[in-house]
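Reviewing the structure listed below.
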Amino acid sequence: MSKKVLVIGEAKEGSLRNVTFEAIAAANIVSDGGEVVGVLCGDGDLDEMGQEMVYHGAARVITISNPELKTYTSDGYGQAVYQVIEDESPEGIIMGHTAIGKDLTPKLASKLESGLISDSTEVVAESGNIVFTRPIYSGKAFEKKEITDGLIFATIRPNNIPAMERNDSLSGEVTEKDVEITNIRTVIKDILRKSSDGIDLSEAKVIIAGGRGVKSEEGFEPLEKLAEVLGGTVGASRGACDAGYCDYSLQIGQTGKVVTPDLYIACGISGAIQHLAGMSNSKVIVAINKDPEANIFNVADYGIVGDLFDVVPKLIEEVKEM
Ligand code: FAD
1 MSKKVLVIGE AKEGSLRNVT FEAIAAANIV SDGGEVVGVL CGDGDLDEMG QEMVYHGAAR
61 VITISNPELK TYTSDGYGQA VYQVIEDESP EGIIMGHTAI GKDLTPKLAS KLESGLISDS
121 TEVVAESGNI VFTRPIYSGK AFEKKEITDG LIFATIRPNN IPAMERNDSL SGEVTEKDVE
181 ITNIRTVIKD ILRKSSDGID LSEAKVIIAG GRGVKSEEGF EPLEKLAEVL GGTVGASRGA
241 CDAGYCDYSL QIGQTGKVVT PDLYIACGIS GAIQHLAGMS NSKVIVAINK DPEANIFNVA
301 DYGIVGDLFD VVPKLIEEVK EM
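Going by UniProt numbering, the letters in the sequence shown line up with residues 1 to 322, in that order.
Below, the structure written as structure tokens:
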């Protein structure tokens, strides 16, 4: 049965995050030929980004521009999106499983007295039902879930559901909605440190991750060079972060970021269970470690036993010659 499905878009530093397009693709599966409506909150002119959502498969987009939405607060975004939900009465809502998605969607689900399927890695239509697949037990198993009654509300893990090809011949209305936002209890006074420069770790297609084996801050330099030639970004184990070799914003794992790039190269990382929880669903895993017994080799598709300071420069040269 065709449905109206809302997609809560997300922008970072003036551009839409790729997971917004992936959410639109998922919403098109859920809508089953119905209407996919984008919602975008922020401050200033959101028209162009709204149009991008249309080019990626949203039938129309509602933008809410308000100075109170310049930076994310759960009060501000919660009120804005809730008012759109009240107006539109969608049968489904999809959002990226990002830091903002993880904060906003449970708040909305509780207000709507709805269930929520979080962190889905696959969405398929199976004989009239929408089935979501999501990892459990820190990625060691997957469960399939469907909502049989009420609102279909789900978040999707970045980098898992392919976005639809951008098509600028698609047309759809982008309309601005006025929303009253009151009683914001959180004030963002200052952003002291940006989470990362360049490619967002959770959306990166290639990640070169360093562990305690890199031995120092300078030890990350060859990894940065390899990331550069492969068009990727650098991540880290908690061991490397705890040792002060890099910023905690790079931490991957149970208490860090969960990533699913196409290629994950683990350099000098032992493969503790808490690290695997954040990266074991990567599509291709390469491990470089001088200990042949290191646990990381148990999840690796390709393993190189050797000193990362010998292996990584050789890889850089090989890639440059390709
Ligand atoms: P180590 O375990 O010390 O491994 C270093 C590896 O480098 C070794 O295998 C060694 O053989 C190899 N090596 C050394 N020199 C070289 C060289 N020159 N070339 C090649 N290989 C070399 N960890 C996370 O990563 N993410 C998390 O989110 C996380 N959350 C946690 C939550 C909790 C509640 C707890 C208790 C722990 C958590 N940890 C997490 C920590 C985790 O248990 C490990 O301590 C950590 O992952 C180890 O980091 P590491 O692999 O870099 O270091």
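Where is the CB? At the ideal position from N, CA and C, for every residue including glycine. Given the structure is predicted, the values throughout are model-derived calculations rather than measurements.
beta-carbon residue i near the ligand FAD non-hydrogen atom, thresh 7 Å
{"i": "K107", "result": "no"}
{"i": "residue 323", "result": "The chain is shown only over 1 to 322; residue 323 falls outside these bounds and no answer can be derived."}
{"i": "L250", "result": "no"}
{"i": "F309", "result": "yes"}
{"i": "H56", "result": "no"}
{"i": "G239", "result": "yes"}
{"i": "N298", "result": "no"}
{"i": "D291", "result": "yes"}
{"i": "S216", "result": "no"}
{"i": "G213", "result": "yes"}
{"i": "S270", "result": "yes"}
{"i": "Q79", "result": "no"}
{"i": "Q274", "result": "yes"}
{"i": "I208", "result": "no"}
{"i": "residue 325", "result": "In the structure as shown, the chain begins at 1 and stops at 322. Residue 325 is therefore absent and cannot be evaluated."}
{"i": "G139", "result": "no"}
{"i": "A154", "result": "no"}
{"i": "I288", "result": "yes"}
{"i": "G101", "result": "no"}
{"i": "A59", "result": "no"}
{"i": "A294", "result": "yes"}
{"i": "G278", "result": "yes"}
Three-state class that DSSP yields for residue i in the structure shown
{"i": "S195", "result": "Reliability fails at S195, whose pLDDT of 49 lies under 50, so the model's placement of it is uncertain and no value is given."}
{"i": "M49", "result": "helix"}
{"i": "Y264", "result": "strand"}
{"i": "L112", "result": "coil"}
{"i": "E165", "result": "coil"}
{"i": "V7", "result": "strand"}
{"i": "L40", "result": "strand"}
{"i": "P313", "result": "helix"}
{"i": "N18", "result": "helix"}
{"i": "K205", "result": "coil"}
{"i": "P135", "result": "strand"}
{"i": "T105", "result": "helix"}
{"i": "Y55", "result": "helix"}
{"i": "V278", "result": "In the sequence on display, residue 278 carries Gly and not Val. In this structure, G278 counts as helix in the three-state DSSP scheme."}
{"i": "G76", "result": "helix"}
{"i": "T186", "result": "coil"}
{"i": "R212", "result": "helix"}
{"i": "K320", "result": "helix"}
{"i": "A141", "result": "strand"}
{"i": "V30", "result": "helix"}
{"i": "V87", "result": "Note that residue 87 corresponds to Asp in the displayed sequence, not to Val. Three-state result, D87: helix."}
{"i": "I269", "result": "coil"}
{"i": "A125", "result": "strand"}
{"i": "E35", "result": "strand"}
{"i": "I93", "result": "strand"}
{"i": "E68", "result": "helix"}
{"i": "A300", "result": "coil"}
{"i": "V81", "result": "helix"}
{"i": "residue 330", "result": "The structure shown has nothing for residue 330, since the chain only spans 1 to 322."}
Can we say the stretch 57-74 touches the stretch 164-180, given the rule of at least three CB pairs closer than 8 Å? Contact between the stretch 57-74 and the stretch 164-180 is present, with at least three C-beta pairs closer than 8 Å.
How do the stretch 225-244 and the stretch 132-149 stand: do at least 3 beta-carbon pairs fall below 8 Å, yes or no? By the Cβ rule, the stretch 225-244 does not count as touching the stretch 132-149, because fewer than three pairs are nearer than 8 Å.
Three CB pairs or more closer than 8 Å across the stretch 197-208 and the stretch 256-268: With the cut-off at 8 Å, the stretch 197-208 and the stretch 256-268 touch.
The stretch 144-157 / the stretch 99-114 touching (three or more Cβ pairs under 8 Å): The stretch 144-157 is in contact with the stretch 99-114.
Can we say the stretch 137-151 touches the stretch 269-280, given the rule of at least three CB pairs closer than 8 Å? These segments touch.
Restricting to runs no shorter than 3 residues, where is the beta strand (DSSP E) found entirely within the stretch 218-261? Runs of beta strand (DSSP E) with 3 or more residues, each lying fully within the stretch 218-261, are found at 233-236, listed in chain order.
At least three beta-carbon pairs within less than 8 Å, the stretch 218-234 to the stretch 289-300: Inter-segment contact for the stretch 218-234 and the stretch 289-300 is absent: fewer than three beta-carbon pairs are separated by less than 8 Å.
Could you tell me whether the stretch 13-28 touches the stretch 48-56, using the rule of 3 or more Cβ pairs below 8 Å? In this structure the stretch 13-28 lies against the stretch 48-56, because at least three pairs of beta carbons, one per stretch, are closer than 8 Å.
For the stretch 36-48 against the stretch 109-125, are there 3 or more C-beta pairs whose distance is under 8 Å? Put simply, the stretch 36-48 does not touch the stretch 109-125. Fewer than three CB pairs are less than 8 Å apart.
Indicate whether the contact test is met: 3 or more Cβ pairs, each with one atom in the stretch 171-191 and one in the stretch 65-73, closer than 8 Å. The stretch 171-191, when compared against the stretch 65-73, does touch it at the 8 Å Cβ threshold.
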